[in-house]
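Visitor:
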Amino acid sequence: MPQHMTVGHLLRQLQDLDPTLPIRLAVNPDWPFTHHLAAEVVVRDGKAFIVDDGQEGYLPPSVRDALVWS
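Take the sequence shown: its letters are residues 1 to 70, numbered as in this note's numbering.
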């Protein structure tokens, strides 16, 4: 996986998932919380920005383990 994700990389990872599956951001291994995504993507200066729409709760331990954040 490249360090700098592109729209193409993200689309390939998501294409086989259930389209009704909620998406959350896993943020910061030192403060492992999940965050909601806003309903919009902003494109400026040659980059797409996925907007954080608030914190949901703690990141599940199984996700921390999969990310090797434990």
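Ideal Cβ positions, reconstructed from N, Cα and C, are used throughout, including at glycine.
Looking at the strands, I want to know which residues DSSP matches up with L25.
Guide: Partner(s): H35.
Visitor: Within its chain, find whatever has a CB closer than 6 Å to the CB of I23; leave out the 5 residues flanking it on each side and keep chain order.
Guide: Hits under 6 Å: L37.
Visitor: Span of the alpha helix (DSSP H) holding Q13?
Guide: Element bounds for Q13: V7 to L14.
Visitor: For E56, I'd like the list of residues in its chain whose CB is within less than 8 Å of its CB, leaving aside the five on either flank, ordered along the chain.
Guide: Cβ within range, chain order: R24, F33, T34, H35 and H36.
Visitor: Can you grab the Cα-Cα spacing for the pair M1 / Q13, in whole Å?
Guide: Here M1 scores only 47 on pLDDT, less than 50, and its place in the model should not be relied on; the value that follows carries that caveat. C-alpha separation (whole angstroms): 10 Å.
Visitor: How about V41 and I50: are their beta carbons less than 8 Å apart?
Guide: In contact: V41 and I50 (Cβ atoms closer than 8 Å).
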